[in-house]
Structures are given as structure tokens and as C-alpha cells.
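**Student:** Before I ask anything, here is the structure I am working with.
In UniProt numbering, the protein residues as written are 1 to 380.
Take a look at the structure:
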């Protein structure tokens, strides 16, 4: 795909607590208790949806530290009251069962009316493993092989109900046609799953799969399964290299690279002028230092729009994931100042997109892998 065309440029935002910076709540004078309420996430998601952003990403982790709400549960709470935006919770696959993940994301797609995605990730540390007590921490290649199997099984479970399996036949008392349910019969290196699911096939068929591809072991998994790939890079030149690496891997996996959207993480703190924005970040870092994990814009809404303009010329990505350092302030500035600038420059559409989340990314509804013409492999 041509990056940043009017029809294909995509904007996402990461929504977590008071923002990416660990000192954000203290610096902004926010009540920590307010960050653990559904109203907080509803308000943030509404701000993103109001300006037509494509995705609200809800991070999650098993790392002990600040209190963290379950991302899938938060997305499910937001879904019925904030329409028109994709909801993508992180779901860690290392210490969780694929059957449960499949059911949870399918349910999210149902309650959101076809606006669900999920971001599988892995759990790395001995401390995280000790929380569950089931198995030790593993090397990255092992973790991502397990992640690949998990995504495979989750997709198979989504397909384990035919679209017309629910018949609701009052005369016979049958809710479902059992002949239209399918055993997935998966046996792999890490687990075996018989299936079928106990949840009907999601409205989208396959909710959007979002995967990070910042480490070599993750890239083959993203190449095979991702609809959207997140990358981090120190600058736009490096982002362009990373995007081409992703596209080459997708092609190597037998898929069309134009069917996969690459989003660059852009950390953001905006103020009335660049001097004030830099001073703010200096004050934040004085409380708890945070090194940039990707491209960072510390300046004005115009500075942010200018960066995306340069990204257009360089082909650095197919869109961005805004990572606000301070919430809700930076999200407000992004939505009310930066996005209108982007739209005015022709870098982003105006208005809301209709249809399912997959359709917003130019993707069709996958044919069920258990359909007679596709038996033998899941469709993605």
C-alpha cells in the first residue's frame, strides 16, 4: 500500500492510566483512584472516537508494579457506550489458555458490534512466571513459538462455529445445529485443544490481530498472523527500514503486504510552544526518568503534523500509534489540535468510518476455515 494516502492512513492511540510517563499522574495532579474507574477509560476512548481515530489500544501486563486493570474487561466495558472506534486490548498469551482468549475476544467483538481487535504479547520474566506457578520463564524464541500456536488455535476456535450454526428452533427446542460446530483438534508443542468454542463465530469472523514486530523472534508471527503491525524506531529513517522488513516478511509468509498495516509508535507531549513542552518533560523526568522508546514529539500540534508530513515523504509507515506521555491532556491536544491539522493537510480523512473494524482497514470478512472449500488451513 502507499503509506499515508487519504484512504489508508490510520491513526491509533495507546490508552493506559495517566499516560506512558510513570510520573504523569503525580505531575498532572490526578487522583490515582480515578485512573482505576471505567469512567476514565470511557472518557479517553470517546475523545479518540470523536476525531475518527481508528484504534484505541489498551495495554496490559503481568509485571508487578502500578495497579493495572484487565485490558479485555476494560474494552468490554467501553464497547457498548463508545461506538465507531476499534477496541484493541492486550492479551498476554504465555500464561493464559487459548480457549479462554478466544472466548473473551469473540465476546468483545459481539458486544462492540464488530469493532474488536486484540494484541497478543508474551510474558518474559521469572517474576511473572512465579505469579502463576505453572512453568518457568522461557527464551524469546520459545515464547514466540508458543504465541504463534496460540494465535493459530484462537483463530481456529473462532471458526469452529459456522456462521449459521445458531438456529433458535423453538419447535424442536434446539438453539444450535451441532452439525455446524467443528472440533479444532490441535496438538502442538505447548498444548492440545480439542474445541469447539462455546461462543458463536464473531461478527468480523476474525477480529483484527495487532502484533508488535520489534524483536526478530516476533517477526515471523506477525508476518503470518497480523492484520496490523506495530513498530518502534528512533527516527523516521529507521522506521522506513523496519516497515520494509515487515513487508518483506509478510510476502515471505505468502501474504500480500498491502493487506498488512504498519503503525509507527510516536510518543507525544504537546504544549502551546516547544519550550513549554520540553520544560514539562524535564519536570516529568525529574520525578521519574523515561527514555524514549520510539520517535518522540515534544512540542506543538504543528510539530506533530509536520513529523507526519515528513513520514509521508519517507514512507516510514502506514499510520501511527500515538503514545501520549500524559493523559488525558495529550490526547485532548492530539484530538482537538493535531488531527484537524492532519485532515486539513490531506493526511487523514474527515468524519467517521462506518462498517466493521476489518473493513476500516480494507480487509474482507474471512471465509470460515471449516468451509468445504477451505478445509485444511485457517484463512487470515
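Ideal placement from N, C-alpha and C gives every residue a C-beta, glycine not left out.
Three or more C-beta pairs under 8 Å: does that hold for the segment 261-274 against the segment 218-235?
**Tutor:** Output reads yes: the segment 218-235 touches the segment 261-274.
**Student:** With DSSP as the reference, identify every bridge partner of residue 324, one or two as the case may be.
**Tutor:** Paired residue(s): 268.
**Student:** Looking at the C-beta of residue 166, does it have a partner C-beta in chain B at a distance below 8 Å?
**Tutor:** Of the protein chains in the structure, only one exists, and it is not chain B.
**Student:** I'd like to know whether the C-beta atoms of residue 204 and residue 358 end up nearer to each other than 8 Å.
**Tutor:** Their beta carbons are under 8 Å apart, which means residue 204 touches residue 358 by this criterion.
**Student:** Does the segment 8-16 come into contact with the segment 51-58, if we say contact requires no fewer than three beta-carbon pairs (one atom in each stretch) closer than 8 Å?
**Tutor:** Segments in contact, yes.
**Student:** Got a sec, what are the start and stop residues for the beta strand (DSSP E) residue 175 sits in?
**Tutor:** Here the beta strand (DSSP E) through residue 175 covers 174-176.
**Student:** Could you give the DSSP three-state label for residue 231: helix, strand or coil?
**Tutor:** Looking at residue 231 - three-state DSSP - the assignment turns out to be strand.
**Student:** Note down the Cα distance separating residue 182 from residue 196, rounded to an integer number of angstroms.
**Tutor:** One C-alpha to the other measures close to 6 Å.
**Student:** Among 66, 63, 99, 103, which one has its Cα closest to the Cα of residue 73?
**Tutor:** Selected option, being the one with the closest Cα: 103.
**Student:** Below 6 Å CB to CB, which residues in the same chain sit around residue 132 once its five sequence neighbours on both sides are set aside?
**Tutor:** So the qualifying residues of the chain are 95.
**Student:** Taking DSSP as the reference, what is the three-state secondary structure of residue 122?
**Tutor:** It is coil, neither helix nor strand.
**Student:** With DSSP as the reference, identify every bridge partner of residue 193, one or two as the case may be.
**Tutor:** According to DSSP, residue 193 bridges with 186.
**Student:** Three or more C-beta pairs under 8 Å: does that hold for the segment 235-245 against the segment 183-202?
**Tutor:** The answer is no - the segment 183-202 does not touch the segment 235-245, with fewer than three Cβ pairs under 8 Å.
**Student:** Does the contact criterion of 3 or more C-beta pairs under 8 Å hold for the segment 84-94 versus the segment 110-126?
**Tutor:** Yes, since at least three Cβ pairs between the segment 84-94 and the segment 110-126 fall closer than 8 Å, the two stretches touch.
**Student:** Can the beta-carbon of residue 208 be found closer than 8 Å to that of residue 225?
**Tutor:** No, the pair does not count as a contact, with Cβ atoms beyond the cut-off.
**Student:** How many Å lie between residue 252 and residue 300 at the Cα?
**Tutor:** Cα to Cα, the separation comes out at about 40 Å.
**Student:** At what residues does the beta strand (DSSP E) containing residue 96 begin and finish?
**Tutor:** Element bounds for residue 96: n/a, residue is neither H nor E.
**Student:** Would you decide whether residue 105 is buried or exposed? Buried here means 16 or more other CB atoms lie within 10 Å of its CB.
**Tutor:** The residue is buried, with at least 16 neighbouring Cβ atoms inside 10 Å.
**Student:** Comparing C-alpha positions only, which one of 214, 78, 166 sits nearest to residue 144?
**Tutor:** Residue 144 has its Cα closest to that of 214, out of 214, 78, 166.
**Student:** What is the residue span of the beta strand (DSSP E) that residue 298 lies within?
**Tutor:** Here the beta strand (DSSP E) through residue 298 covers 295-299.
**Student:** Compute the Euclidean distance between the alpha carbons of residue 297 and residue 217, then round it to the nearest angstrom.
**Tutor:** Each residue's Cα considered, the two are about 29 Å apart.
**Student:** Which word fits residue 198, buried or exposed, when buried means at least 16 other C-beta atoms lie within 10 angstroms of its C-beta?
**Tutor:** Flag for residue 198 reads exposed.
**Student:** In angstroms, rounded to a whole number, what distance separates the CA positions of residue 276 and residue 339?
**Tutor:** Computed Cα separation, rounded: 21 Å.
**Student:** Residue 295 and residue 234 look like a contact to me (Cβ under 8 Å); what is the Cβ gap, rounded to whole Å?
**Tutor:** About 7 Å separates the two Cβ atoms, so the contact holds.
**Student:** So is residue 60 buried or exposed if we call it buried at 16+ other beta carbons inside 10 Å?
**Tutor:** Flag for residue 60 reads buried.
**Student:** Tell me whether residue 19 is buried or exposed, calling it buried when 16 or more other Cβ atoms sit within 10 Å of its Cβ.
**Tutor:** So residue 19 ends up on the buried side.
**Student:** With DSSP as the reference, label residue 58 as helix, strand or coil.
**Tutor:** If DSSP states are grouped into helix, strand and coil, residue 58 belongs with the strands.
**Student:** Take residue 347 as the anchor and find which of 312, 187, 365 has the nearest alpha-carbon.
**Tutor:** When only C-alpha atoms are compared, the closest one is 312.
**Student:** Could you tell me the distance, in whole angstroms, from the CA atom of residue 281 to the CA atom of residue 157?
**Tutor:** Their Cα atoms are separated by approximately 45 Å.
**Student:** From residue 32 to residue 21, what does the alpha carbon distance come to, in whole angstroms?
**Tutor:** Whole-angstrom Cα-Cα distance: 14 Å.
**Student:** For residue 318, does the three-state DSSP call read helix, strand or coil?
**Tutor:** Coil.
**Student:** Return the chain-ordered list of same chain residues with a C-beta closer than 7 Å to the C-beta of residue 80, the five sequence neighbours on each side being excluded.
**Tutor:** Cβ within range, chain order: 111.
**Student:** Is the separation between the beta-carbon of residue 25 and that of residue 35 shorter than 8 Å?
**Tutor:** In this structure, residue 35 lies closer than 8 Å to residue 25 by Cβ.
**Student:** From 97, 109, 155, pick the residue whose C-alpha is nearest to that of residue 367; which is it?
**Tutor:** Out of 97, 109, 155, 155 has the C-alpha closest to the C-alpha of residue 367.
**Student:** Pick helix, strand or coil for residue 387, following the three-state DSSP scheme.
**Tutor:** The chain is shown only over 1 to 380; residue 387 falls outside these bounds and no answer can be derived.
**Student:** According to DSSP, what are the bridge partners of residue 87?
**Tutor:** According to DSSP, residue 87 bridges with 56, 116.
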